[in-house]
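K.L.:
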Amino acid sequence: MDTQDTDAQEPAVIPTRRRCPFDPPPEYGRLREQEPISRVRFLVSPGSHDGWLITRHDDVRAVLSDPRFSRRNELLAHVIRPRFPIGRYEPPAAEPGAFNKMDPPEHTRYRRMLARYFSVRRTRELEPLAEKVAHQCLDNLLAAGPPADLVEHYAEPLPSRVLCETLGIPEDDRARILRHFSVIFRLTYTLDELVASVTEVGAMFQELARRKRAEGGDDILGDLAGSGALNEQELVNIAWVLIGGAFDTTANMIALGTAALLHHPEQLALLRARPDLLGNAVEELLRYLTISHLGASRVALADVDLPGARVKAGETVVVHLAAANRDPRRYPDPDRLDIERGTGAHVAFGHGVHQCIGQHHARLVLKVGLRVLLDRLPDLRLAVPVDELRGREDVQHYGLRALPVTWL
1289 MDTQDTDAQE
1299 PAVIPTRRRC
1309 PFDPPPEYGR
1319 LREQEPISRV
1329 RFLVSPGSHD
1339 GWLITRHDDV
1349 RAVLSDPRFS
1359 RRNELLAHVI
1369 RPRFPIGRYE
1379 PPAAEPGAFN
1389 KMDPPEHTRY
1399 RRMLARYFSV
1409 RRTRELEPLA
1419 EKVAHQCLDN
1429 LLAAGPPADL
1439 VEHYAEPLPS
1449 RVLCETLGIP
1459 EDDRARILRH
1469 FSVIFRLTYT
1479 LDELVASVTE
1489 VGAMFQELAR
1499 RKRAEGGDDI
1509 LGDLAGSGAL
1519 NEQELVNIAW
1529 VLIGGAFDTT
1539 ANMIALGTAA
1549 LLHHPEQLAL
1559 LRARPDLLGN
1569 AVEELLRYLT
1579 ISHLGASRVA
1589 LADVDLPGAR
1599 VKAGETVVVH
1609 LAAANRDPRR
1619 YPDPDRLDIE
1629 RGTGAHVAFG
1639 HGVHQCIGQH
1649 HARLVLKVGL
1659 RVLLDRLPDL
1669 RLAVPVDELR
1679 GREDVQHYGL
1689 RALPVTWL
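In short: position in the sequence shown from 1, add 1288, done, that's our numbering.
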């Protein structure tokens, strides 16, 4: 995976295979201790491109907060080997509205425009909606079992329904949008599959933007359209960013978090005895289960000296968030789930100007989802041994393919 030999023929592949569904790939532990800033090789068609992989907590935060490292789309190299021939590909600059692929000041303008919709205060107002949807989803889970798949009947529909309601996605469009995103976020799609899904979602967002600009609405996209501050293309790309950023992340955390608590009965018992720990438990689960198993990519705009390495201008750097969140320099006994742990400064949502704009929304849905599930099913337990759980390693965000659970 890592190499100091820049003449190596095979490009590096970011490890994704886990021995345990709750732990990052074991290679990162060795790297963090022995080669915390290590050479990797990425495939760029045609040819290859050398870059860096960073695994220690302090180094990850330093890179993500340093303006000399860029998120601009046209600069980023490919860190994932494509599954189909793409010929020569020059990444384009981000389109208007695609603020997650921009640097300040362009990024700052969009971020400020959207920040009020994702503030702590605004997010708290969504709690009644999240509670209502959680109970509806749990009713469906109960009707399906026992046993039943918690991923299918609870973890996936809960956050997607809350998000679509908040953004103003029509109910008739939601299933199709989510189905196509499940293709787009795979790492094993064919070129035809990718083109078909991107084309259909783009057309749906285009029509949605037109309706919002004509009719407005009391949802995020409707309010943005009614403000007159954004054109149609910007609305379309903002929809891509917001839905894409939240498509499977919270769902994966609900399923993994539930599985982790059921696998650690002493932690589950503590949470049941002390419900005031729920907020801290969510932060610990975010640290312990960090689902970004491909890391976050940046490109150096200038030569930058990091501990033990000089990153040259134009080189790609991947910071591995899950490895950073298991760094023993920051978290004593980091491989142990401890819901009483002080988890400040974890990087599950990233760090710096590109830190996830929807982090408060994700926290709320995760807290409500766990609270409703554990309150209504006090005898919830796994229906299969942990070693039979299968991870989704072929997608951009790690999760479980299914979580069979049962109850009395």
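Each residue gets a CB set at the ideal place from its N, CA and C atoms; glycine is no exception. Note that the coordinates shown come from a computational prediction; the quantities given were computed from them, not determined experimentally.
One question on the structure: do L1466 and S1448 come within less than 9 Å of each other, judged by their Cβ atoms?
P.N.:
yes
K.L.:
Just to confirm my understanding: we take E1453, look at its own chain, exclude 5 residues before and 5 after, and list those with CB closer than 7 Å. What are they?
P.N.:
L1417
K.L.:
Using DSSP with H/G/I as helix, E/B as strand and the rest coil, what is I1302?
P.N.:
coil
K.L.:
Excluding sequence positions up to five away, which residues of its chain have a Cβ less than 6 Å from the Cβ of R1678?
P.N.:
R1689
K.L.:
Which runs of the alpha helix (DSSP H), 4 residues or longer, sit entirely within the region 1564-1592?
P.N.:
1566-1576
K.L.:
Here's a check: name, in chain order, each residue in its chain whose Cβ is nearer than 7 Å to the Cβ of A1491, leaving out the five neighbours to either side.
P.N.:
none
K.L.:
If we count the other Cβ atoms within 10 Å of its Cβ and call it buried at 16 or more, is P1312 buried or exposed?
P.N.:
Looking at its Cβ environment, which holds 16 or more other Cβ atoms inside 10 Å, P1312 is buried.
K.L.:
Are the CB atoms of L1341 and V1351 within a distance shorter than 9 Å?
P.N.:
no
K.L.:
Please report the straight-line C-alpha distance between S1333 and E1481, rounded to a whole angstrom.
P.N.:
Annotation note: pLDDT 45 at S1333 (below 50); position unreliable, coordinate value reported separately. Roughly 20 Å between the two C-alpha positions.
K.L.:
Does the region 1455-1471 come close enough to the region 1518-1535 to have 3 or more Cβ pairs within less than 8 Å?
P.N.:
yes
K.L.:
Rounding to the nearest angstrom, what Cα-Cα distance links P1393 and A1382 in this structure?
P.N.:
13 Å
K.L.:
Kindly list the residues whose CB is nearer than 6 Å to the CB of M1541, restricted to its own chain and excluding five residues on each side of it in sequence; keep chain order.
P.N.:
Contacts found: L1654.
K.L.:
If you follow the beta strand (DSSP E) that A1597 is part of, which residue opens it and which one closes it?
P.N.:
A1597 to V1599
K.L.:
Can you tell which of R1305, R1307, C1308 and E1315 has the C-alpha that lies nearest to the C-alpha of A1612?
P.N.:
E1315
K.L.:
Where are the alpha helix (DSSP H) runs, 4 residues long or more, that stay fully inside the region 1341-1416, in chain order?
P.N.:
1345-1352, 1394-1403 and 1408-1412
K.L.:
Determine, using beta carbons only, whether R1617 and D1346 come nearer to each other than 9 Å.
P.N.:
yes
K.L.:
Starting from T1487, trace the alpha helix (DSSP H) both ways and give me its first and last residue.
P.N.:
T1487 -> alpha helix (DSSP H) spans L1479 to E1503.
K.L.:
Among L1582, P1379 and I1627, whose alpha-carbon lies nearest the alpha-carbon of A1557?
P.N.:
I1627
K.L.:
Closer than 7 Å by C-beta to A1432: which residues in its own chain qualify, once you throw out the five before and the five after it? Chain order, please.
P.N.:
H1441
K.L.:
Taking Q1647 as the reference, which of V1641, L1589 and F1637 has the closest Cα?
P.N.:
F1637
K.L.:
P1606 bridges to which residues according to DSSP?
P.N.:
According to the sequence displayed, residue 1606 carries Val and not Pro. Per DSSP, L1341 and S1585.
K.L.:
Identify which residue in R1669, L1544 and F1493 has its Cα closest to the Cα of Q1521.
P.N.:
F1493
K.L.:
Would you list the one or two residues that DSSP bridges to G1679?
P.N.:
L1688
K.L.:
Classify I1457 as helix, strand or coil using the three-state DSSP reduction.
P.N.:
coil
K.L.:
Within a Cβ cutoff of 7 Å, which residues of the same chain sit near S1358, ignoring the five residues on either side of it in sequence?
P.N.:
D1391, R1586, V1587 and L1589, listed in sequence order.
K.L.:
Looking only at its own chain, which residues have a Cβ that is under 6 Å from the Cβ of V1674, when we skip the five neighbours before and after it?
P.N.:
H1551
K.L.:
Rounded to whole angstroms, what's the CA-CA distance from A1633 to L1475? Just pull it up for me.
P.N.:
Approximately 30 Å, taken between the alpha carbons.
K.L.:
Assuming contact is defined by CB atoms lying nearer than 9 Å, are R1651 and G1545 in contact in what I supplied?
P.N.:
no
K.L.:
Determine the burial state of Q1424: buried for a count of at least 16 other Cβ atoms within 10 Å of its Cβ, exposed for fewer.
P.N.:
exposed
K.L.:
Where do the ends of the alpha helix (DSSP H) carrying D1663 lie?
P.N.:
Q1647 to R1664
K.L.:
I'd like the list of long-range same chain contacts for A1539, defined as Cβ closer than 8 Å, with 5 residues on each side in sequence excluded.
P.N.:
V1439, A1443, E1444, L1446, P1447, S1448 and G1687
K.L.:
Rounded C-beta distance between L1662 and R1575? I'm assuming under 8 Å.
P.N.:
In fact, because the Cβ distance is near 20 Å, the residues do not count as touching under 8 Å.
K.L.:
Does the beta-carbon of R1344 have 16 or more other beta-carbons within 10 angstroms, so that it is buried, or is it exposed?
P.N.:
buried
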